[in-house]
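S.K.: Quick one: the structure is below, and I'll ask about it shortly.
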Amino acid sequence: MTNILAQPDCNLNSVCEPLEGCCLERIEEPGSKRPPNTGARLWGRVRSKLLRQKLDPQTVQTKNWHMDVIEMNGIKVEFSMKFTSRDMSLKRTPSKKQTGVFGVKISVVTKRERSKVPYIVRQCVEEVEKRGIEEIGIYRISGVATDIQALKAVFDANNKDVLVMLSDMDINAIAGTLKLYFRELPEPLLTDRLYPAFMEGIALSDPAAKENCMMHLLRTLPDPNLITFLFLLEHLKRVAEKEPINKMSLHNLATVFGPTLLRPSEVESKGHLTSASDIWSHDVMAQVQVLLYYLQHPPISFAELKRNTLYFSTDV
């Protein structure tokens, strides 16, 4: 059984990618031979089926999962699909339990752990760099949802078995857990307060003015947010160095992480844009460009940023 959570205007390939790793129930007669290329043709049928339905919210938005089965040459694929609006699936919801890490402010987590970067971020990054940095599509290909939820529960419970579990877990599930952590922060890593300024700064046409603005915005971030952001930034740069192998360029990584790190807690209405899809597309492109700017920037030092802050604050 394969579950697909569909969203409006989503890319069909991104919906179908999780199908590649699902379990197939083979129904073959003894001695029968399966024709070549059955798998590729079957996935083609699945995609065609989804395309015909167009993932139309009017037809798939129900309280129950929509069930379907596609069979071909002794292979049967069963999948279920349900529409969920972006407002619900991407909404940042603070956790009611402040003892965990998901949905808890990063400042609370780092203070509790007495660390500069949350433990979950450090461990997931370490595992990806250890055995997933050359994985094709790392951070783009989705991990199995049940594995990600299992890791989430272990990190939230501060279970001592987390390191053993990480070493045995599929690397895409670990990458997915890291993305989920940032996606579920009560506010984005780059903060709600600074979001409008990031959007304005990235739109500046003068390179010097843009540089000054974008560096100043980093200096303005709370220390736990800034240190974690710089830690993640260097990791993503190391991932991109393996682009010939993993096919993940800086732009690809910015596309994956930009909205995750910048998407505000609440989407504000913008009068000059005419529809929700316009707002979404405009914001996402800007969010990607902000992260891409920092990824393409020479190494950024926390100490250097802080020295500049002291300089600006005293040179009055």
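Residue numbers (our numbering): 5 to 320.
Every residue, glycine too, gets a C-beta built ideally from N, C-alpha and C.
Predicted model only: the values in this text are computed from it and were never measured.
Nearest-angstrom Cα distance between L309 and D165?
M.R.: Here residue 309 is taken as the residue at index 305 of the sequence shown, counted from 1. Here residue 165 is taken as the residue at index 161 of the sequence shown, counted from 1. Each residue's Cα considered, the two are about 37 Å apart.
S.K.: In its own chain, which residues sit with a C-beta less than 6 Å from the C-beta of P302, not counting the 5 before and 5 after it?
M.R.: Locating residue 302 in the sequence shown gives position 298, where the first residue counts as 1. Counting only Cβ-Cβ distances below 6 Å, and skipping sequence neighbours, we find nothing.
S.K.: Beta-carbon within less than 7 Å of K156's beta-carbon, same chain only, minus the 5 sequence neighbours each way: which residues are those?
M.R.: Mapped onto the sequence shown, residue 156 falls at position 152. So the qualifying residues of the chain are F106, T181 and L184.
S.K.: Below 8 Å CB to CB, which residues in the same chain sit around F261 once its five sequence neighbours on both sides are set aside?
M.R.: As a first step, residue 261 is located in the sequence shown; it is residue number 257 there, counting from the start. Taken in chain order, the residues that qualify are Y143, K183, F186, L236, L240 and L295.
S.K.: Note down, in chain order, each residue of its chain lying with its Cβ closer than 8 Å to the Cβ of I152, except the 5 sequence neighbours on either side.
M.R.: Working through the sequence shown from its first residue, we reach residue 152 at position 148. Counting only Cβ-Cβ distances below 8 Å, and skipping sequence neighbours, we find A177, G180, T181 and L184.
S.K.: Taking the continuous alpha helix (DSSP H) assigned at N162, which residues delimit it?
M.R.: Here residue 162 corresponds to residue number 158 of the sequence shown, with the count starting at 1. No alpha helix (DSSP H) contains N162, which DSSP labels as neither H nor E.
S.K.: With DSSP as the reference, label M252 as helix, strand or coil.
M.R.: For the purposes of this step, residue 252 is taken as residue 248 along the sequence shown, with counting starting at 1. Correct three-state label for M252: coil.
S.K.: Rounded to the nearest angstrom, what separates E247 and E117 at their Cα positions?
M.R.: Indexing the sequence shown from 1 puts residue 247 at position 243. Indexing the sequence shown from 1 puts residue 117 at position 113. Using only the alpha carbons, I get a separation of about 34 Å.
S.K.: So does the segment 251-259 actually touch the segment 222-236, counting three or more Cβ pairs closer than 8 Å?
M.R.: Taking 8 Å as the limit for Cβ pairs, the verdict is that the segment 222-236 does not touch the segment 251-259.
S.K.: Taking the Cβ atom as the reference point for each residue, do T232 and L170 lie within a distance shorter than 8 Å?
M.R.: Working through the sequence shown from its first residue, we reach residue 232 at position 228. Working through the sequence shown from its first residue, we reach residue 170 at position 166. No, they are not a contact pair.
S.K.: Throw me the rounded Cβ distance for the L208 and L257 pair, which I believe falls under 8 Å.
M.R.: Numbered from 1 along the sequence shown, position 204 holds the residue referred to as residue 208. Numbered from 1 along the sequence shown, position 253 holds the residue referred to as residue 257. Contact doesn't hold; Cβ gap of about 23 Å is too wide.
S.K.: Of the residues S305, I304 and L266, which one's Cα is nearest the Cα of D287?
M.R.: Residue numbering aside, residue 287 sits at position 283 when the sequence shown is read from its first letter. It is L266 whose Cα lies nearest to the Cα of D287.
S.K.: Just to confirm my understanding: we take G136, look at its own chain, exclude 5 residues before and 5 after, and list those with CB closer than 6 Å. What are they?
M.R.: As a working mapping, residue 136 is identified with position 132 in the sequence shown. Answer for G136: I142 and I175, listed in chain order.
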